[in-house]
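Worksheet: one structure, shown below.
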Amino acid sequence: MNTAIRIKNLRKEFGAKTAVKGLNLEVREGEIFAFLGVNGAGKTTTIRMLTGLSVPTAGDAEIMGHSITKEPDTVKILGNISPQETAVAPNLTVKENLEFIAGIYGFDRAKTAEEMIARFGFDEIRNEKVKTLSGGWQRKLSIAMALITEPKVLYLDEPTLGLDVLARRELWHVIETLHHKITIILTTHYMEEAEELSDRIAIMVRGDLICAGTMEELRRQTGKEKLEDIFVSIVEGIR
Amino acid sequence: MKSTVFAARTGKEIRRDPLSYILCLGFPIMMLLIMSIVDSSLPPEAEVTVFHIRSLAPAIAYFGLTFVMLFTAIQVSKDRTTALLLRLYASPMRAADYVVGYTLPMCVLGLAQMAACFLAAFLVSLCQGDPLSIPAMLLSYLLLIPSLFLFVGVGMLFGTAVSEKSAPGLCSIIISAVGMIGGIWMDVNTIGGIIRKTAEMLPFYHGVRLARLPLGGAMDTLPADLLCALVSGVLCYILAVTVFTARMKKDIS
Ligand SMILES: Nc1ncnc2c1ncn2[C@@H]1O[C@H](COP(=O)(O)OP(=O)(O)OP(=O)(O)O)[C@@H](O)[C@H]1O
Ligand SMILES: [Mg+2]
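For the record, the sequence lines run as chains A and B. Here this note's numbering is used: the first residue of the first sequence is 1, the next is one more, and so on. Here this note's numbering is used: the first residue of the second sequence is 1001, the next is one more, and so on.
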């Protein structure tokens, strides 16, 4: 399989603080790849660099062969992000939000919005103002707004944060339908989510990528069965 | 294209906010009516001319632009605090697209507001039996356009520089300043001293006097006032665009 993302010595400093310490990683096309790590580990900072929201202090990364430092404009069209905080226009309706983003990326607004409405089951809430919707619907919309631009790589920063069990399962289902179609980078604090969805899992601790591999590989490496135990043993191990 | 899509969205935000109708359309018209009633109850010996409809109409149209500034500041600062901006920063939108996307709808709001104000003034003047000259009103309308850019610029500047909480406060300082030293509610010439000097130095007094000119004023102030309105409008707008662009660069650094 082809490489979708190739990260080379990617580093980000904020003043004296180093948020990401020279990351090296390859993500394959069509893969769902999860980043795990405690608060402040550098997951969001990494995603921000990959989406052109933050300029690396050193190092580089290629998205579908395009450098994030040399070709930021191309990279911005290749990928899209559903940020950690739900990113929707609260005073616009569901349909208007979708059309807004489609328009910004130069897509046929009405047509692509209709496709997303059908795909995400937004039909009954299409004309509701987004601020009146539940958190679950807002999250789904936030993801739909990232998908509407037909990205090759989709970044989901804690997509199921604050959702109830049913809403979370439903969102998992949506993510699973994208498996092997596009490349997905996912961050989460829910171990079962990473285990359920991802092909491979990386664990970050204080800006360092400690390990990356399939569940099987991580199990062999640590001798633990459950992801939660694997995670704890790795994070505690380097304390 | 991106800028017009963004402008359309900003326009929707404005149209869906009841405050824009109250502040930008309702308030100026109400002031106009109240002040006209005040005017009719003042004895002619008082020699207060600022409340005559020909003085009042352009001045209130000018004053209304300060609410356009308030709206711009609120919209820009509110957008900055939401994650929606993060999504847009990750899109191919450039700084110029944001600037145009904010300016267009705010200008439409300002133009609509001025039109409503002059229309109301015309009706009042009809009732008073001395209708305002339509060409003079049109000219006054045109002379207000540089000031529109001044206030959209100040609004964008405040919205970029400070938080959603501080922006309205900062704007209210300008709104009070315009009311006091812009010569809207009183003739600055009769006060003199430091207030008069301050008024002369800031663009507001000149902008108001310029707008009043077509409806009755002395031609000798025209060159200086016009120059002041144009220069302050252009400079302030350019400053706002520069600060906005720099801020955006810093946000994604
Ligand atoms: N703009 C910034 N300025 C200064 N420090 C920052 C900035 N953004 C992030 N950091 C710091 O970088 C580190 C990594 O933050 P990041 O948001 O990437 O963590 P995270 O893994 O996403 O955490 P969480 O799980 O809480 O979302 C943190 O220590 C954070 O304080
Ligand atoms: Mg994060």
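Even for Gly, the Cβ is constructed at its ideal location relative to N, Cα and C.
Legend entry - Secondary structure, alpha helix (DSSP H): runs of 4+ residues fully inside the stretch 165-207 of chain A: 165-177 and 191-197
Legend entry - Secondary structure of HIS1315 (chain B), DSSP reduced to three states: This structure does not reach residue 1315 (chain B), given that chain B is present from 1001 up to 1253, and the question cannot be answered.
Legend entry - chain A residues whose Cβ lies nearer than 9 Å to that of PRO1092 (chain B): ASP73, LYS76, ILE77, ILE104, TYR105 and GLY106
Inset, instruction - Determine whether the Cβ of VAL55 (chain A) lies closer than 7 Å to any Cβ atom of chain B. - result: yes
Inset, instruction - Flag THR44 (chain A) as yes when its Cβ comes closer than 6 Å to any non-hydrogen atom of ligand 2, and as no otherwise. - result: yes
Legend entry - Residue range of the unbroken alpha helix (DSSP H) whose run includes THR149 (chain A): Counted as a single uninterrupted DSSP element, the stretch harbouring THR149 (chain A) is not any alpha helix (DSSP H), since DSSP gives it neither H nor E.
Inset, instruction - Express the C-alpha separation of ALA1177 (chain B) and LEU1065 (chain B) in angstroms, rounding to a whole number. - result: 13 Å
Legend entry - Bridge partner(s) assigned by DSSP for VAL1241 (chain B): According to DSSP, which records beta bridges pairwise, VAL1241 (chain B) is partnered with nothing at all.
Legend entry - Under 9 Å from the C-beta of LYS1002 (chain B): neighbouring residues of chain A: Contacts between LYS1002 (chain B) and chain A, judged by CB atoms closer than 9 Å, involve GLY103, ILE104, TYR105 and GLY106 in chain order.
Inset, instruction - Using three-state DSSP, classify TYR105 (chain A) as helix, strand or coil. - result: coil
Inset, instruction - Could you tell me the boundaries of the alpha helix (DSSP H) in which LEU1157 (chain B) lies? - result: Per DSSP, LEU1157 (chain B) belongs to the alpha helix (DSSP H) from 1145-1161.
Inset, instruction - In the DSSP assignment, find the unbroken beta strand (DSSP E) run with GLU1045 (chain B) in it and report its ends. - result: Where GLU1045 (chain B) is concerned, there is no enclosing beta strand (DSSP E), given that its DSSP letter is neither H nor E.
Legend entry - MET1106 (chain B) classed as buried or exposed, judged by whether at least 16 other C-beta atoms fall within 10 angstroms: Looking at its Cβ environment, which holds 16 or more other Cβ atoms inside 10 Å, MET1106 (chain B) is buried.
Legend entry - Contact check, LEU1170 (chain B) vs ALA87 (chain A), beta carbons under 7 Å: With respect to the 7 Å criterion, LEU1170 (chain B) and ALA87 (chain A) are not classified as neighbours on the basis of their beta carbons.
Inset, instruction - Quick one: give me the first and last residue of the alpha helix (DSSP H) that ASP73 (chain A) is part of. - result: 72-78
Legend entry - Three-state class that DSSP yields for GLY135 (chain A) in the structure shown: helix
Inset, instruction - Could you check the C-alpha separation between LYS226 (chain A) and ALA118 (chain A) for me, to the nearest Å? - result: 37 Å
Legend entry - Touch test, the stretch 1008-1019 of chain B against the stretch 212-231 of chain A, Cβ-Cβ under 8 Å, three pairs minimum: no
Legend entry - Any C-beta of chain A under 7 Å from that of GLU1164 (chain B): no
Legend entry - Sub-7 Å separation of VAL1152 (chain B) and THR1072 (chain B) beta-carbons: yes
Legend entry - Terminal residues of the beta strand (DSSP E) in which GLY4 (chain A) lies: Per the sequence presented here, residue 4 (chain A) reads as Ala, with Gly not at that position. 3-14 is the extent of the beta strand (DSSP E) around ALA4 (chain A).
Legend entry - Extent of the continuous beta strand (DSSP E) run through PHE35 (chain A): 32-36
Inset, instruction - Taking only beta-carbon positions, decide if PRO1104 (chain B) is within less than 7 Å of chain A. - result: First, the residue type needs correcting, since residue 1104 (chain B) is Leu and not Pro in the sequence shown. It does not: the Cβ of LEU1104 (chain B) has no partner Cβ on chain A nearer than 7 Å.
Inset, instruction - Using three-state DSSP, classify LYS129 (chain A) as helix, strand or coil. - result: strand
Legend entry - Whole-angstrom distance between GLY121 (chain A) and LEU1109 (chain B), CA atom to CA atom: About 36 Å.
Legend entry - Inter-residue spacing [alpha-carbon to alpha-carbon] between ARG11 (chain A) and SER67 (chain A): Looking at the two C-alpha atoms, the distance is approximately 15 Å.
Inset, instruction - Check whether the Cβ atoms of ILE203 (chain A) and LEU36 (chain A) sit closer than 7 Å, and answer yes or no. - result: yes
Inset, instruction - Keeping to the same chain, check which residues put their C-beta closer than 7 Å to that of LEU1226 (chain B); ignore five residues upstream and five downstream. - result: LEU1210
Inset, instruction - Assign ASP60 (chain A) to one of three DSSP states: helix, strand, or coil. - result: strand
Inset, instruction - Could you tell me which of A:GLU170, A:ILE182, A:TYR190 and A:LEU178 sits nearest to ALA4 (chain A), measuring between CA atoms? - result: A:ILE182
Inset, instruction - Find the residues of chain B that neighbour GLU193 (chain A), judging by a C-beta separation of less than 8 Å, and give them in chain order. - result: Here the premise fails: no neighbours, minimum Cβ distance about 21 Å.
Legend entry - chain A residues whose Cβ lies nearer than 8 Å to that of LYS1012 (chain B): Those within 8 Å of LYS1012 (chain B) in chain A are ASN91, LEU92 and GLU96.
Legend entry - Stretch-stretch touch, CB-based, cutoff 8 Å, three pairs: the stretch 150-158 of chain A with the stretch 126-135 of chain A: no
Inset, instruction - Give the DSSP-derived three-state secondary structure of SER54 (chain A) in the structure shown. - result: coil
Legend entry - Heavy atom of ligand 1 within 6 Å of PHE14 (chain A) beta-carbon: yes
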